[in-house]
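Have a look at the structure below before the remarks.
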Amino acid sequence: MALERTIIRHLYGRPLETLLATWGISLMLIQLVRMLFGAQNVEVANPAWLSGGVQVLPNLILPWNRLAVLAFVLLVLCFTWLILNRTRLGMNVRAVTQNRAMAACCGVPTGRVDMLAFGLGSGIAGLGGVALSQLGNVGPELGQGYIIDSFLVVVLGGVGQLAGSVAAAFGLGIFNKILEPQMGAVLGKILILVMIILFIQKRPQGLFALKGRVID
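Take 3 as the starting number for the sequence shown in this note's numbering and just add one per residue.
See below:
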């Protein structure tokens with residue numbers, strides 16, 4: 003929240019500058035972690051009850067740790083949905099997202115909403131890091147490999163749409179795993195990116211667009 007108050011709040015309405023600022027801050031934080039804890043990845047031991055897996059098919063075994071991560075993600079997703087749809091903060095966030103000027107005219111403290119929304123998003127990202135620790139080693143650059151995928155999920159699902167982000171994440175993940183054995187990881191990513199670009203050309207609002215009114 004301190005980061006939002008000191009830097010991000012001065013860049014609202016300038017998406018390119020915001021992107022560059024947050025990217026630069028992430029690089030600074032990565033270097034800070036390297037200085038404090040070292041650059042080597044650290045292995046996080048899984049609890050004993052997450053060892054092994056369940057055999058679904060003769061050639062398909064689902065590890066318990068990945069099933070636990072999936073359950074954790076669903077729990078966080080439900081918690082986020084409740085905040086956005088059943089609390090005053092969520093109502094204010096949706097109002098500011100759709101029409102900041104009108105929300106301010108109605109008495110919504112847009113600055114405070116921005117700060118709390120930034121804090122909520124940062125907290126969810128931190129929980130994502132906790133989940134990833136069960137799938138691999140933990141290091142300063144743990145989240146760098148997921149930046150592009152996260153951006154694609156938001157663009158494809160629709161900005162501000164939780165259901166769209168979930169559908170896009172599952173769709174991209176499944177489609178990527180189908181293409182990897184056939185085309186390789188790099189070509190599979192390129193094909194997915196090309197398909198998303200073509201889709202956005204036809205439907206720029208994403209899978210789930212915000213509801214609104216058109217004034218002629």
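Just so you know, even glycine gets a beta-carbon here, dropped at the ideal spot from N, CA and C.
Considering only the alpha carbon of each residue, which of the options lies closest to residue i?
i	options	result
G55	V44, N61, V46, N67	N67
L2	F201, S135, P183	Outside the displayed span of the chain (3 to 218) sits residue 2, for which this structure offers no information.
M3	L174, L154, D116	D116
N94	R114, L79, V78, C80	R114
V75	G131, I149, Y148, R11	G131
I192	I150, G166, Y14, P60	I150
G138	V46, Q207, A50, G121	V46
G208	L18, F153, L59	F153
L219	A187, Q203, L122, F172	Residue 219 lies beyond the stretch modelled for the chain, which goes from 3 to 218, so this question has no answer here.
W51	Q136, A187, Y148	Q136
I'd like the span of the beta strand (DSSP E) that includes residue i, first residue to last.
i	result
G55	55-59
L62	62-65
Whole angstroms are fine: how far does the CA of residue j sit from the CA of residue i?
i	j	result
V196	I176	17 angstroms
V216	A97	Legend: pLDDT at V216 = 43, less than 50; position of this residue unreliable, no value from coordinates given.
N48	L64	15 angstroms
G141	V44	6 angstroms
I198	E182	17 angstroms
L129	Q184	33 angstroms
F210	V156	11 angstroms
A70	L189	30 angstroms
F81	G125	12 angstroms
A170	L134	19 angstroms
I194	A165	20 angstroms
Q163	A103	20 angstroms
N101	G15	13 angstroms
E6	Q146	21 angstroms
M37	A105	43 angstroms
W25	L59	43 angstroms
G40	P206	42 angstroms
I32	G109	39 angstroms
D218	Q203	Any reading at D218 is ruled out, since the residue's pLDDT is 41, under 50, leaving its predicted position unreliable.
Please list the terminal residues of the continuous alpha helix (DSSP H) segment that includes residue i.
i	result
W25	17-39
L13	Segment: none, L13 is in no alpha helix (DSSP H) and carries neither H nor E.
Tell me which same chain residues have a C-beta within less than 8 angstroms of the C-beta of residue i, skipping the five on either side of it?
i	result
Q42	G141
I9	A23, I27
V168	L79, G159
W83	L164
N178	G190, K191, I194
A127	G145
What I want to know is whether the C-beta of residue i ends up closer than 7 angstroms to one or more non-hydrogen atoms of the ligand SAH.
i	result
T89	For the structure depicted, the ligand SAH is absent and the ligand set is empty, with no information on it obtainable.
With a CB to CB cut of under 6 angstroms and the five nearest residues on each side skipped, what residues in its chain are close to residue i?
i	result
P111	none
G121	M3
Y148	none
Give me, in chain order, the residues of the same chain whose beta-carbon lies closer than 7 angstroms to that of residue i; leave out the 5 immediate sequence neighbours on both sides.
i	result
L144	G131, L134
L91	I85, L118
T20	I10, L13
Taking only runs of the beta strand (DSSP E) that begin and end inside the segment 90-165, which ones reach a length of at least 3 residues, in chain order? none
Please list the segments of the alpha helix (DSSP H) lying wholly inside the segment 161-207, counting only runs of 4 or more residues, in order along the chain. 164-185, 187-204
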